[in-house]
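Going by UniProt numbering, the sequence shown opens with residue 1, and the numbers climb by one from there.
Beta carbons: idealized from backbone N, C-alpha and C, even for Gly.
Okay, so here's the structure we're looking at.
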Amino acid sequence: MSYVVEHNQVEKTLREKEELFYSMFVQHKAIMLLIEPKTGQIIDANNEAVLFYGYPKTKLTSMKIQEINCLPDEAVEKERNLALKRNKNFFTFEHKLSNNEIRLVEVHSTPISINGQDILFSIIHDITERRQFEERIQDLSRFPDENPNPVLRFSKEGTLLYASKSSAALLREWGRSVGEKAPKEWIENIFNSFQSDAYLEIETSCEDRLLSFILAPIHEKGYVNAYGRDVTEQKQKEKALLESEERFRSVLFSTPDFILLVDIDLKIEFVNRPLPDLKVDDLIGRNIVDFVEEEKQSEIKKILKNVLKTGFDAIYETQYRTASGLTFCYETKAVRRTINKTVVGLVLNTRDITSRKQIEETLRKNQKRYEEAQRIGLVGNWEFYPETAEFWGSEEARRIYGFSMDQEKFTTENVEGCIPERERVHQALIDLIEHNKKYDLIFDILTFDKEIRKTIHSIAEVERDAQGKPVKVTGVISDITKQQITEKALLESEKRHRTYIEHAPLGIFIANDKGEYIDVNPNACKLLGYSRDELLALSIPDISDEEDSIENFKHLKEVGRKSIETGLKKKDGSIINVRLDAVTIPNDQFLGFVTDITERKLSEEKLRQSEEQYRSVVEDSPGMICRFSADGTITFANYEYCKFFGKTLDQLIGANIQETIARQNRESIWSKIKSLTSESPIQVLENENINHAGEIRHLRWTNRALFNKKGHLLNYQSFGEDITERMRTDKLLKVLNKASTTMSTALAHKDIFDAIAKELRKLGISCYIMESDETKQYLYLNFLSYDSAALKTAIKLTGIKPENYSVKIDSVDFIREVIREKKTYFSEKTDQLIGQMLPKAIRKLSPQIEKILHITTSISVPLINEEQVIGIFSMQSGNLTLEDVPAATAFADQLSAAWKKVELVQNLTKAVEGTINTIAATVEVRDPYTAGHQKRVAALAAVIAVELGLARDQVEGIRMAATIHDLGKVRVPAEILSKPGRITDLEYEMIKTHSRIGYDLLKNIDFPWPLAKIVLQHHERINGSGYPQGLKGDEIMLEARILGVADVVEAMASHRPYRPALGIDLALNEITNEQGILFDSDVVNACLKSFKNGFKFPSELTTEDLYIT
């Protein structure tokens, strides 16, 4: 661990030293280089080195030290080896800068290790000026009296110790002599020179001359020598040179041209201003060829290299495209640049000629356009020179005459030889030249090349000198051959058109911009009932029934063509409807066409009224109507359609009909619509749509495809009807009908209510039944059906238990109305009804209860039996409507009838049960064991029947049969039935007859159930081993199979005179072992499940007890 810590510490120390070295290397004011000793490659250079050598750092670090050092490469390598071996560390070299200037440098070079590699670390000092000082001092330190320049010697404190003869003028200027102190500023410089052991240069004036002194400290002697020289002329020259440089710089940086210096590698060293979109720094170091269009780069490079090689100047043009996409054109003059007869690069004077190029291009295009215009217009220029009798012709002039395009001048014979009327044309030219007569001729020519006849229009004028002598005739010729042909054709066409106009079935007129008639055709006169002269004396405003007719003409003048429908007054004062089509023609006139549209207007008005009636019907229709094209684009929708989807007509027009169909139904419905044909153009579809409120509504659509006479589809039209409420009412009717069917077979009021509640729950409807007491003063809540969780919440909130709830009829308004007036009551505010039925203390909870039970609407119906109201049936939901009232009322009648029927059945059942119990009592007199046995068997058989899911009526039949199943034992001797010991076979055969005897006793009694048959078969077994008929499997009634299992279980579990009770477990084990053999498997399983659920033989049990939940 200590090793690792120590290693990390060493690494950190090294890293810190490296960072310190690099910081010193980069920021140090001395010139520093890092050099690879074997090859001389410059690895790195600090900022001072970059500034000193004048190269960009990237360029400098790509060079070798021998490229800078003026010694031969072998000598430089030798010196590097000496430094690497530490044999020599101080050197004096001449180094060449980027501008080819030679500087004397002192180099301290020592090897250092970087990353395990030896590198030469060189510190460089420029000693050029110091060496120059030393040389000057050596030159000036000749024997003072021989030196024509002043020489002085001072003590280090500034006392003048010696002055040469040449210094006399200076001493007079100072007012000093040897032995006295020098002037104050000299004393300071003398002291500084001595203290620093450095040469100092100072300047002073003497008799209008400027002297420059070098102070040279002589430490071993303790004094300072001052060597002077007259620099007046030199300073004047330097000043003149500086002023010249300033002028040059001013010109250089103010000239609009780009001045660039490039080296022999064509890399930019200097530029007086940047190119567009670039900075000067972006240019320095870049190759000048990079800024030339790519396709000319090799050509320009070749030109510049040739200037470097030959010294001959070159001028070339290039284009430069900026990063922003602008293109500039430049003209560049390249001149070779030398220093001390050494070629160092080029001077490039680059001028922006973009504007000139644009002007040249514009002139070229204009010239091309001018020539093109002459060609298109068949117009040419010509000139005639009287002195030489020669003609000159433009390109188009030569083309007109058929002359060669390569020849511009022609003889008089050439030109006039093409003119059949040569004498007339020639004479006109002479009259122009000699008498200044107008030259404007039309004549024919035969072209020089093909002798094609053309008609020429020629105009000319003469130019004269100051003395009036004709110098030149300039003229224009145009080929009017086609024009002549056209004019002739126009004359013929005009004649034809006049014929058309005179006989046209339309009214045609020509009018000026004031509407005054200039010409009218016969049909216009006939249409308006005027003669031609009468109509020409009028204007359009005179016969127009519109006040702004003049404005129409002004607008026509602006647009050039106009069509309007207006009314015109006939001569007899009547108004006719006309369509007026007018166009502008030359001379500020209008050509108009008048068509009588009176009959059409009448037809249109009738059609408009018909459409208005149709639109009224469509818009006011309670159904939704829309029209859409073959691709589904909606073109019309009425108010109800827009209302349903919650959109404006503008939003729907242009939308696709498929967007209004639920996504899952979209493809199938659209396919059905597209299947409509001209033979079967109508279909009715039902589908679900979502309305603007987000509700799912059920709609019935009648779609119709409209076709034209050729059977081509025009569009589709749909009529939609919202049948949601109707369907919901239909569903309500269906569930109520189903409930009616179910309750018609019910044997108890609870069965009736359960059947109703089950069906209504499918529609999310809750319900209750309240029955009236015998006094007809109170109602008791005997049956109700609500969501169990919601009901529990409501009970907890109010503290009222439904089974304990009753209400006084006359204390609740809506109940009083239903009971006393026998009316059905519909409410959309169920919370108010709830409030009436709750105690005053908690009535404020009614809105909460309505929300908990989700019952915003309700229908309450009286239950009437034989004109007496026996109670109320009420339905509650969130979507009951007035439309549901008739269905609820009709159902209440069926409910009342079923309710009464159950009461009758129950009364009948009680009577039957009384009869059966009387019969069972007869058995008890003879055999008490049998009587108790029958009651217990009846209980178990009924439970098994319920477990098997049999109907209440069937369960009741099984219970009744079991109660008297051993009735036949009344014919068996009592001593056999109560015999304590084992019975004989004969006695057993006598006992077996009890099934048949019981059947015979019961078969002629009219019971609601097949009791006799059940009693007969209760000892039959599945495998056919039973008695008395030996029936098998399904031949045995289910009721008898149930009774058989219950009989065996009870008999084995109970005490008998001939044996003690065997117990329930043994009895159940017996029926399990004989399952599927003697006993029905389903019945056995139901019996076992009943005992598992806790069944015990009771002393008394009714069917009603079995259904308590």
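- In the displayed model, Ser-531 falls within coil according to three-state DSSP, outside both helix and strand.
- Contact between Ile-288 and Val-262 is confirmed by a C-beta separation of about 5 Å, below the 8 Å threshold.
- Between Thr-447 and the set Tyr-439, Ile-456, Val-937, the nearest pair of CA atoms involves Ile-456.
- Residue environment: Tyr-330 is assigned as buried (16 or more neighbouring CB atoms within 10 Å of its CB, all protein chains considered).
- Proximity to Gln-297 across Asp-281, Ile-42, Ile-809, Tyr-316 peaks at Tyr-316, based on C-alpha coordinates.
- Residue environment analysis places Asp-479 among the buried positions, since at least 16 neighbouring C-beta atoms fall within 10 angstroms of its C-beta.
- If you check the CB distance, Val-343 and Leu-308 come in under 8 Å.
- Counting along the chain, His-994 sits inside no beta strand (DSSP E); it lies in the alpha helix (DSSP H) bounded by residues 994-1002.
- From the listed residues Asp-1080, Arg-286, Gly-623, Ala-748, the smallest Cα separation to Trp-701 is found for Gly-623.
- Inter-residue distance for Gly-1076 and Ile-1064 is about 20 Å (C-alpha atoms, whole angstroms).
- Note on geometry: alpha-carbon atoms of Asp-465 and Lys-472 lie some 9 Å from one another.
- Only exposed fits His-555, as fewer than 16 other CB atoms lie within 10 angstroms of its CB.
- Non-local beta-carbon contacts of Ile-597 in its own chain, meaning distances under 7 Å to residues more than five positions away in sequence, involve Glu-565, Asn-577, Val-578, Arg-579 in chain order.
- Gly-968 and Leu-1016 have their alpha carbons spaced roughly 10 Å apart.
- Rounded to the nearest whole angstrom, the CA to CA distance from Ala-182 to Leu-170 is 11 Å.
- With respect to the 8 Å criterion, Leu-1043 and Ala-941 are classified as neighbours on the basis of their beta carbons.
- The secondary-structure analysis by DSSP pairs Lys-38 with nothing; it has no beta-bridge partner.
- With contacts defined by Cβ atoms closer than 8 Å, Phe-753 and His-692 do not form a contacting pair.
- Check the Cα spacing between Asn-587 and each of Leu-527, Ser-531, Asn-512, Gly-573: the tightest is with Asn-512.
- When DSSP states are grouped into helix, strand and coil, Ala-198 belongs to the coil group.
- Under the DSSP assignment, Met-770 falls in the beta strand (DSSP E) whose first and last residues are 766-772.
- Out of Phe-826, Ile-991, Ala-1012, the CA that lies nearest to the CA of Leu-1001 is found in Ala-1012.
- Under DSSP, Thr-350 shares a beta bridge with Phe-258, Thr-332.
- DSSP places Glu-866 in the coil class of the three-state scheme, outside both helix and strand.
- A direct Cα-to-Cα measurement between Tyr-223 and Ile-42 gives close to 45 Å.
- Under DSSP, Val-151 takes part in a beta bridge, and its partners are Tyr-227.
- If you ignore the 5 residues before and after Gly-158, its C-beta comes within less than 6 Å of the C-beta of Lys-181, Ala-182, Ile-187, Ile-190, all in its own chain and listed in chain order.
- Distances from the CA of Glu-129 to each of Asp-118, Glu-106, Gln-117 were compared; the closest alpha carbon is that of Glu-106.
- Rounded to the nearest angstrom, the gap between the Cα atoms of Gly-871 and Gly-764 is 23 Å.
- Note on geometry: alpha-carbon atoms of Glu-463 and Glu-434 lie some 12 Å from one another.
- Lys-562 and Ile-585 have their C-alpha atoms spaced approximately 13 Å apart.
- When Asn-47, Phe-270, Leu-266 are compared, the shortest CA-CA separation from Ile-259 is found for Phe-270.
- Nearest C-alpha to Pro-505 among Cys-525, Asp-519, Leu-490: Cys-525.
- If you draw a straight line from the Cα of Ala-705 to the Cα of Ile-769, it is about 53 Å long.
- Under the DSSP assignment, Ser-113 falls in the beta strand (DSSP E) whose first and last residues are 102-114.
- In this chain, Gly-1044 is not harboured by any beta strand (DSSP E); it is covered by the alpha helix (DSSP H) spanning 1038-1053.
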